[in-house]
Each structure stands twice: as C-alpha cells, then as structure tokens.
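Single-structure report; data block below.
2 protein chains.
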Amino acid sequence: MSLTLADIEAAAERIRGHAVRTPLIEAHAASQATGGRVFVKAEVLQRTGSFKFRGAMSRMTLLDSGERKRGVVAYSSGNHAQAVACAARDLGTSAVIVMPADAPKLKIDNTKGYGAEVVLYDRFTQDRVAIGKRIAEERGLTLVPPFDDYRIIAGQGTAGLEIAQDAKAMGLTFDAVLVPCSGGGLTAGIASALAEVSPQTKVYGVEPEHFDDTARSLAAGERLANTGTAPSICDALMTEMPGELTFPIIQRLVAALSVTDDEARRAMAHAFYHLKLVAEPGGAAALAALLSNKLDTRGKTIAVILSGGNVDAETFKQALR
Amino acid sequence: MSLTLADIEAAAERIRGHAVRTPLIEAHAASQATGGRVFVKAEVLQRTGSFKFRGAMSRMTLLDSGERKRGVVAYSSGNHAQAVACAARDLGTSAVIVMPADAPKLKIDNTKGYGAEVVLYDRFTQDRVAIGKRIAEERGLTLVPPFDDYRIIAGQGTAGLEIAQDAKAMGLTFDAVLVPCSGGGLTAGIASALAEVSPQTKVYGVEPEHFDDTARSLAAGERLANTGTAPSICDALMTEMPGELTFPIIQRLVAALSVTDDEARRAMAHAFYHLKLVAEPGGAAALAALLSNKLDTRGKTIAVILSGGNVDAETFKQALR
Numbered sequence: 000m001s002l003t004l005a006d007i008e009a010a011a012e013r014i015r016g017h018a019v020r021t022p023l024i025e026a027h028a029a030s031q032a033t034g035g036r037v038f039v040k041a042e043v044l045q046r047t048g049s050f051k052f053r054g055a056m057s058r059m060t061l062l063d064s065g066e067r068k069r070g071v072v073a074y075s076s077g078n079h080a081q082a083v084a085c086a087a088r089d090l091g092t093s094a095v096i097v098m099p100a101d102a103p104k105l106k107i108d109n110t111k112g113y114g115a116e117v118v119l120y121d122r123f124t125q126d127r128v129a130i131g132k133r134i135a136e137e138r139g140l141t142l143v144p145p146f147d148d149y150r151i152i153a154g155q156g157t158a159g160l161e162i163a164q165d166a167k168a169m170g171l172t173f174d175a176v177l178v179p180c181s182g183g184g185l186t187a188g189i190a191s192a193l194a195e196v197s198p199q200t201k202v203y204g205v206e207p208e209h210f211d212d213t214a215r216s217l218a219a220g221e222r223l224a225n226t227g228t229a230p231s232i233c234d235a236l237m238t239e240m241p242g243e244l245t246f247p248i249i250q251r252l253v254a255a256l257s258v259t260d261d262e263a264r265r266a267m268a269h270a271f272y273h274l275k276l277v278a279e280p281g282g283a284a285a286l287a288a289l290l291s292n293k294l295d296t297r298g299k300t301i302a303v304i305l306s307g308g309n310v311d312a313e314t315f316k317q318a319l320r
Numbered sequence: 000m001s002l003t004l005a006d007i008e009a010a011a012e013r014i015r016g017h018a019v020r021t022p023l024i025e026a027h028a029a030s031q032a033t034g035g036r037v038f039v040k041a042e043v044l045q046r047t048g049s050f051k052f053r054g055a056m057s058r059m060t061l062l063d064s065g066e067r068k069r070g071v072v073a074y075s076s077g078n079h080a081q082a083v084a085c086a087a088r089d090l091g092t093s094a095v096i097v098m099p100a101d102a103p104k105l106k107i108d109n110t111k112g113y114g115a116e117v118v119l120y121d122r123f124t125q126d127r128v129a130i131g132k133r134i135a136e137e138r139g140l141t142l143v144p145p146f147d148d149y150r151i152i153a154g155q156g157t158a159g160l161e162i163a164q165d166a167k168a169m170g171l172t173f174d175a176v177l178v179p180c181s182g183g184g185l186t187a188g189i190a191s192a193l194a195e196v197s198p199q200t201k202v203y204g205v206e207p208e209h210f211d212d213t214a215r216s217l218a219a220g221e222r223l224a225n226t227g228t229a230p231s232i233c234d235a236l237m238t239e240m241p242g243e244l245t246f247p248i249i250q251r252l253v254a255a256l257s258v259t260d261d262e263a264r265r266a267m268a269h270a271f272y273h274l275k276l277v278a279e280p281g282g283a284a285a286l287a288a289l290l291s292n293k294l295d296t297r298g299k300t301i302a303v304i305l306s307g308g309n310v311d312a313e314t315f316k317q318a319l320r
C-alpha cells in the first residue's frame, strides 16, 4: 500500500470548505536576492496558522459516527495540536491533546482555546506516543497521529496539488519546491502529489541543524533517530525520526537541506519586512534555506512553503533584531 | 464628472498582471470576538505592502510615451511613495518622491530600494504639494497625486470590486466594509464600486483620533482641515483634509469612525496572533474599529481592509507588548 494521486485528490475534496485554499504569493524581494523567481505558499494563512489543519481534517472527516461521538486524541509539539483541536470543534467531536510542557505557550493556549483538553508531558523523559496510545485505549478515543498515516499525508499533499494548479494557471513549471521537514508528512505529501502532476519539480525537505534525521537517514539508507538534546529554535521541527510511511516516499522523491537557528530567524525577518507574513522559526525553514543559498536557484522557478506562523511575541522580537 | 463603475473596471484591467489580487481571508478569531462573520481583505499582501500600488499603477499605465520618458513625481508619507517608485520600475520610467523627514525609515529605505530619488521635507513647516509641483514644473515630470485624482481613486476601487466578486463566489452579501481612511482615495474608491455592485453594503471610513478630518467634515458638511500637531501612531493616515474629489463621494456614501493609538496597536497584535499578517498602525485602523466595537456587528457579515503592512520593527514590537 502506498499513497496515490487519487488519495490526495479525495483528501482535497474532504477538506474543501473547512481548509483555506492558501495563496501562492510571488516573492519579489526573495527573487531579487536569489536570482530566481520565487513564490511563497502561505500556509501561515491556513486555519490554525499552519498546514497541519489539512492533514487533521483529512483524517478526521473519515471518523465514523461512533468514533466522532467518543472523540480523538493526538500528541503534538503544537501545530498538529491546534489543528486537531480546531478540526474537532468544526466536526462536533472532542479532542485530548498530549503536548510537551516546553511547547510555546501560544500553542498550548490556542489548543485550549479551540476547546481541547491538554495533557502535558516532559519531552526529554517521557514517551508521547505511549501516553497518547494509553489515553486512546483507556477512553476509547481515536488516535490522530501527527504524520505517519496515509490519510494525514494525503491531507498535507493537497498543498502540493494547489501549487501545481496555480503553476498551471500562471503558465509556469516549478523547478523546485522547498518544504520545512519534521516527521515528513508535508514533505512526503507534497512530493507524492508533484511526482504525479509535475514530475519535473524537485522537492527538498528542509530541517534544522541537530534535527537533520531525514538527511542522515537518506545518507544511511535507513531511518535514524536524532540523538542530541540540543534544542532548536524550530520547535515545530524537533522530531525523533522520519516516519515509517513517510520515509520510503521521501527516499524515493526528496533531497534534504538544513538551516541554522540564525538562518531561520533571518528568514522570519525577511517574511516580516518583505512578505508581511508572520512565520514561526520552523515555518520559515524552507525560506531560510533559499535565502541562505543552500541551493543554486539562479534562473530557476521556486516555490517555498511557509508552513506555520504560530510564534510567541518574544521569539518573534528576537528574529527582528 | 465623477467616478463610474466602468472607470473602476477599466482600472482593474490596467493593473491586472501588475497588482496582486489579494485574498479575502475569513477571520475566525475576530468573528468570535465580535459576534459577526468577519473577513479581512489582505492588502498588506499587495505589491509594496499596501493598497497604494493599485492607484499608482492605475494612473501610471495611462502615461503617454513622452511622459514615461520624462518620469513622475509624487509626495507621500510612505506607502504611495513606495507604490509610485515600484510602479515606475515596472513601467520602465523614473520617479522622484517627496517624503516627510520623519516618515518611517523603512518606508524611505524601500522607496529608495525601488530606485526612486527621494527628496525629504519637514512635515510641520513645508508644503509638500508646493514642493511636488515645483519639481514637476522644473523637470517636466508628471505629478502622481496620492488620492485626489479619479484615475487613482478608480485604482483603489478595484479592491472593492474584488470584495464584491469574492462575496458573490461565497454566496454572501457584506453588511459593512470598514476601510482605513486618510485622504479618502481607498474609501471613496471602494464605496463607489460597492454602491454599484453591492448597494446593500455600508462603507465606513476609519480615522485615527486627532486626524478625524473626514468625520468632522461630514458633520460640518464641508471639508475641514486637521489643526492639531499631535502625532498619531498611524503615520499613513495623517492627512491634512479630505480631497476635493474624494469628499463628495464620501459625503454621499460613507460614514466615519475613529480609533486611538492603543486600539490600533491592539489590532496589530490581533493580526499577528490570529491572522499571521503584518499590519502597520494605519493599516490596522479598520480592524481596530471592529475589535473595539465602534459598530454593532453582531450577526453581521463584515469585511475589513488591512490596508498596509509597512512598519518598523520597533513600532511592531511595541504593539506586541
């Protein structure tokens, strides 16, 4: 079993009317800085401020009536949390969200704001998957995983379909699409969509340094975990390792790049000054890779996913320094 | 002579391919806070970060070849400056921009960045109109005024056409549209468009306190100037008085509201947290009026123009406090 274009198109149908069809915005200053023609897919304008709403809604529209009645549980550093909480409210079901105690306060507050019950855990000593599974079993809830589920990956892939549709409407073909990469749901979803509808487009997953499990896994030919405990400013991209389902897709279709904390901050400032969009550090990772010339983009047509904008004021202020 | 729907539709044709057709974004948090259904027209995503590009391009596409060869001159506190400078670059002509010395540094830098020559003046002792006219005469340049020109007003009115088109596509009718108001080009343009294509929609112009010349002029039945020298955080809305051409339109079609500096700052913070959009103080004035309940919007369908996002980091940080 794998992910087909039909799966992604079906997900697009399911999330229509719930999710925002986000704009693909020409990024003139980034084009000038890199010598390419750059567009930004503004997933910060998605419901709940990140692409995660696509996958959550894609999965949760498939809950049967009994499952909806009992509710869902999810574990997440914050963006999937908000997405599942908001989708639950939209669909008239309830959500329990397991979040790390050191997640940005904004993300915890927003998740509660959508009406979810939040359970905190310690990122460094406790296993969120085990906690999520235990709550699911004890309370009869459906687990909505953050990325390793074809229904989630298909939902994230709808962003790739939209990019291809917009490219066609403008008479363009993208040479490359850069995607912030954590567990790989968005990266694998977009790569799966584009492999079918825009096979000339190369997809890059962008990770924070020290959390470059995808790059190391690609080099090793097998899934490797991140071992260090050095934090990254890109809280949304601090995953453990690539997914069982996402990695084979990424292995087939994606190359990896990485960015430093400072590069992510500079990309956030660029988005503020030139795009008028609020990006969180992890959400700006792909733009950071582009602006830091991790790739030769001269003369190329490039799309960059600005994948999330849920950032505390303090972190944002630091990026504007 | 006045402004017709045909004029606005012709302007829409002229600016197509240059200007961004900005998205109308459903603003869930603002809806929840006000009890209405709120949408935001994200003109911060317009070229040069404000709606002003519409009017500048609308006017400048009508330059004849001799005028294009000689170039244009404009006076502006910043957003019209950037718009004219960028439009000049797009159209292969040159621009001289007269700007107040105390305009935000970002706006001055951006204007220069688009290749324009910037001439600074003292807002409190010098007459920018006289300076602009003198430069136009001395150098044979075409003056592109900030608002009091039907070709400019028609360009700004294209934002109103787009709102009506999007409303129709969603099966909605807006009860009200709130517009940040300075000289009145955007307000008069949007009101003119909506009066024809969505006559049920009431248009409100929103001014900063102490610069409420439109409200006082409406009350007096004649154009009155702002007299105080108290500054406003809304640098883009510190006009002298309503325009000769804009005021009669506003008198016929628009009501006025006003907001304080703090209300504008809170709206900027709301846009940051909930919309992931960067708004400058004046650009957030209409959202501020909505969020400060200057209007009873319960049960109503409302569009708010977020008209500009060109804000210094320091001013933005203050708004996030």
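Protein chains in written order, with numbering that gives the first Met the number 0: chain U, 0 to 320; chain P, 0 to 320.
Virtual Cβ for every residue (Gly too), placed ideally from N, Cα, C.
From a predicted model like this one, the values you see are computed outputs, not experimental measurements.
query                                                                                                                           : result
Beta-ladder partner(s) of residue 237 of chain P, from DSSP                                                                     : For residue 237 of chain P, which the question treats as bridged, DSSP gives no partner whatsoever.
Alpha carbon of residue 93 of chain P to alpha carbon of residue 72 of chain P, nearest angstrom                                : 9 Å
Cα-Cα separation, residue 197 of chain U to residue 275 of chain P                                                              : 29 Å
Outcome for residue 228 of chain U when other beta-carbon atoms lying within 10 angstroms are tallied against a minimum of 16   : exposed
Contained beta strand (DSSP E) runs [length at least 3] in the region 96-148 of chain U, N- to C-terminal order                 : 116-120
Of the residues P:297, P:246, P:202, the one placed nearest residue 1 of chain P, counting alpha carbons only                   : P:246
Inter-residue Cα distance where the pair is residue 17 of chain P and residue 37 of chain U                                     : 16 Å
Alpha helix (DSSP H) segment containing residue 247 of chain U, residue limits                                                  : 245-252
Test item: CB-CB of residue 298 of chain U and residue 278 of chain U under 7 Å                                                 : no
Within 7 Å of chain P by C-beta, residues of the region 40-63 of chain U in sequence order                                      : 43, 44, 48
Own chain partners of residue 280 of chain U with C-beta closer than 6 Å, once the 5 adjacent residues on each side are dropped : 232, 233, 263
Beta-carbon separation (whole angstroms), residue 65 of chain P vs residue 155 of chain P, contact threshold 8 Å                : Wrong, their Cβ atoms sit about 26 Å apart, outside the cutoff.
Exposure label - residue 3 of chain U; buried when at least 16 CB within 10 Å                                                   : exposed
Beta-carbon proximity of residue 56 of chain P to residue 80 of chain P, cut-off 7 Å                                            : no
Any chain U beta carbon closer than 7 Å to residue 308 of chain P                                                               : yes
Local Cβ density within 10 Å of residue 221 of chain P, reported as buried at 16 or more and exposed below that                 : exposed
Pairwise C-alpha distance: residue 109 of chain U and residue 129 of chain U                                                    : 24 Å
For residue 22 of chain P: DSSP bridge partner residues                                                                         : DSSP output for residue 22 of chain P lists no bridge partner at all.
Under 8 Å by beta carbon: chain B residues contacting residue 72 of chain U                                                     : Within the model displayed, chain B is absent; protein chains U and P are what it includes.
Whole-angstrom distance between residue 213 of chain P and residue 268 of chain U, CA atom to CA atom                           : 36 Å
DSSP bridge partner residues for residue 38 of chain U (one or two, in chain order)                                             : U:25, U:302
Residue burial classification, residue 148 of chain P (beta-carbon count within 10 angstroms, cutoff 16)                        : buried
Contact the region 282-296 of chain P vs the region 5-17 of chain P: 3+ CB pairs below 8 Å                                      : no
Per-residue DSSP class, three states only, for residue 201 of chain U                                                           : strand
Every unbroken beta strand (DSSP E) inside the region 272-316 of chain P [3 residues or more]                                   : 300-305
Contact under 7 Å by Cβ, residue 162 of chain U with residue 40 of chain U                                                      : yes
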